[in-house]
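Heads up: take any position in the sequence shown, counting from 1, add 522, and you land on the numbering used here.
This report refers to the structure that appears directly beneath it.
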Amino acid sequence: MKIIRVEVFIVLCLMFMGSLVVQAQSHRDGVPYLMGQISEQMNDELSDLPVSIRRVAVYKLNYSSMRFSEQEVEFIRGEVEANLREFAGLTVLSPPELEPNDKMKILGNDSTLQILNIQGRSLADVSPEYLAQISNQYAVQGLVELTLQKRNPEGLVISVRMISPESREIIWSKSFISQPFIVKEEIDPGKIHMLHFGVGSRQTESLFRADTSFSSNPDTSIQVNAISFEVTYTFRQSLNEEKSAYIGFTGGLNILRATDASQFDVNLMQLGATYYQALSKKNEDIDDYRLKFFVNANVQFAIDNTKGQVFSTRPGLVLNLSNNLGLSFYSSFILSGETLTLENNNRITYDKIGYGVQAVVRF
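This is the structure we're talking about:
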């Protein structure tokens with residue numbers, strides 16, 4: 523029995539939540555809500571009405587009776603008139619002769635007879651002379667025509683046209699959409715893929731040899747110059763719309779070769795993170811900043827029988843030569859792990875500081 527009561531309670535809760543969702547959606551699709559969205563737009567857009575127009579009247583309504591009820595039409599018209607008063611400071615009149623309606627009109631004289639049944643028009647609208655006469659009688663300076671539409675996904679669309687009573691010239695026109703379809707401008711994230719081809723210099727502080735095949739003294743400390751060859755890939759992402767700052771991740775191969783090839787060669791994998799910051803103004807010819815500062819933090823570990831890891835940081839400058847090519851100059855500072863042990867137990871100890879240059883390809 524308790525289980526049944528719990529299930530009934532859950533079902534009732536789900537039904538209640540569903541009704542709330544339906545009511546909220548219905549509220550957002552209702553004419554009062556959509557008209558509220560348009561009123562916010564009118565607050566800004568009605569400021570450019572001609573200053574010579576102070577007294578206006580709505581004389582025409584264009585709409586489909588299949589899409590709008592009479593109550594909705596009257597509500598929209600009342601809101602538009604209220605907005606004209608509040609946001610544009612106009613005097614809005616309602617002469618009975620200019621009231622739009624759906625009644626049949628019969629016009630004629632001794633020789634002609636005309637039957638009119640045009641929705642949203644007044645008798646004065648079909649007779650320019652009568653329209654001018656009524657406008658002069660009430661000192662109306664602008665006649666307002668409203669066109670109402672419901673469209674998906676825009677919601678409610680109201681077009682407002684104001685014409686001169688004398689010339690029937692359009693003196694102001696504007697359309698308002700309750701839920702405008704905004705085309706988001708695609709922001710170019712910048713060149714986010716980069717390849718670096720580099721060469722650098724590194725001096726080993728000491729080289730201890732465990733056997734006598736290299737030297738007559740098995741415990742010899744030798745200064746050895748080494749050249750570092752690098753190929754790295756960087757994925758980076760802009761941090762702002764100006765694309766002046768980036769953060770990225772790098773991975774690649776570092777090949778360390780002694781100037782005397784018989785002494786040692788080490789192959790290292792490299793993983794790290796990089797930050798870029800523009801230092802110069804943006805150059806429109808290359809759609810990028812000519813000079814950037816960067817700092818890279820990485821770890822390098824051997825992919826052969828060499829043991830040890832090198833943790834280092836690398837500040838430097840990037841000079842962009844074109845849209846896709848550049849050069850970078852850097853200094854490398856080892857933070858820890860500067861000693862590597864070779865397969866034959868010889869040990870290599872790096873200098874703390876090194877330097878290098880890289881060719882940069884961006885795509």
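For every residue, glycine included, the Cβ atom is placed at its ideal position computed from N, Cα and C.
Quick caveat, the model's predicted, so the values are computed rather than measured.
CB contact flag (residue i, residue j, <9 angstroms)
i           : j           : result
residue 755 : residue 717 : yes
residue 679 : residue 673 : yes
residue 751 : residue 788 : no
residue 862 : residue 872 : yes
residue 844 : residue 876 : no
residue 699 : residue 563 : yes
residue 599 : residue 664 : no
residue 868 : residue 815 : no
residue 582 : residue 666 : yes
residue 659 : residue 617 : yes
Residue i versus residue j - alpha carbon distance
i           : j           : result
residue 841 : residue 847 : 9 angstroms
residue 668 : residue 694 : 12 angstroms
residue 557 : residue 580 : 17 angstroms
residue 761 : residue 804 : 16 angstroms
residue 701 : residue 559 : 7 angstroms
residue 874 : residue 778 : 15 angstroms
residue 812 : residue 830 : 38 angstroms
residue 588 : residue 758 : 55 angstroms
residue 859 : residue 715 : 29 angstroms
residue 554 : residue 586 : 18 angstroms
residue 735 : residue 818 : Here residue 735 scores only 45 on pLDDT, less than 50, and its place in the model should not be relied on; the value that follows carries that caveat. Taking the straight line joining both Cα atoms gives about 39 angstroms.
residue 592 : residue 601 : 14 angstroms
residue 655 : residue 677 : 38 angstroms
residue 866 : residue 807 : 54 angstroms
residue 689 : residue 605 : 26 angstroms
Beta-carbon contacts of residue i that lie in its chain and below 6 angstroms, excluding the five residues immediately before and after
i           : result
residue 850 : 838, 840, 880, 882
residue 607 : 614
residue 610 : 568, 571
residue 780 : 746, 748, 786
residue 826 : 789
residue 565 : 609
Nearest residue (CA-CA) to residue i, options the options
i           : options            : result
residue 651 : 669, 620, 670      : 620
residue 552 : 610, 597, 818, 765 : 597
residue 774 : 824, 869, 816, 747 : 824
residue 856 : 563, 664, 820      : 820
residue 590 : 866, 670, 759      : 670
residue 612 : 573, 593, 595      : 573
residue 878 : 719, 746, 806      : 719
residue 662 : 684, 676, 675      : 684
residue 870 : 692, 828, 763      : 828
residue 657 : 604, 575, 677      : 575
residue 561 : 592, 603, 866      : 603
Cβ neighbours of residue i in the same chain (closer than 8 angstroms, five flanking residues each side left out)
i           : result
residue 792 : 752, 754, 772, 773, 774, 775, 776, 820, 821, 822
residue 697 : 679, 680, 681, 682
residue 595 : 583, 585, 670
residue 691 : 685
Cβ neighbours of residue i in the same chain (closer than 7 angstroms, five flanking residues each side left out)
i           : result
residue 809 : 845
Any non-hydrogen atom of the ligand HEM within 8 angstroms of residue i CB
i           : result
residue 790 : Ligands in the displayed structure: none, and consequently the ligand HEM is not present.
Would you call the stretch 764-773 in contact with the stretch 793-802, where contact means no fewer than 3 C-beta pairs closer than 8 angstroms? yes
Whether or not the stretch 817-835 and the stretch 800-809 are in contact is what I'm after, with contact meaning three or more pairs of Cβ atoms, one per stretch, closer than 8 angstroms; do they touch? no
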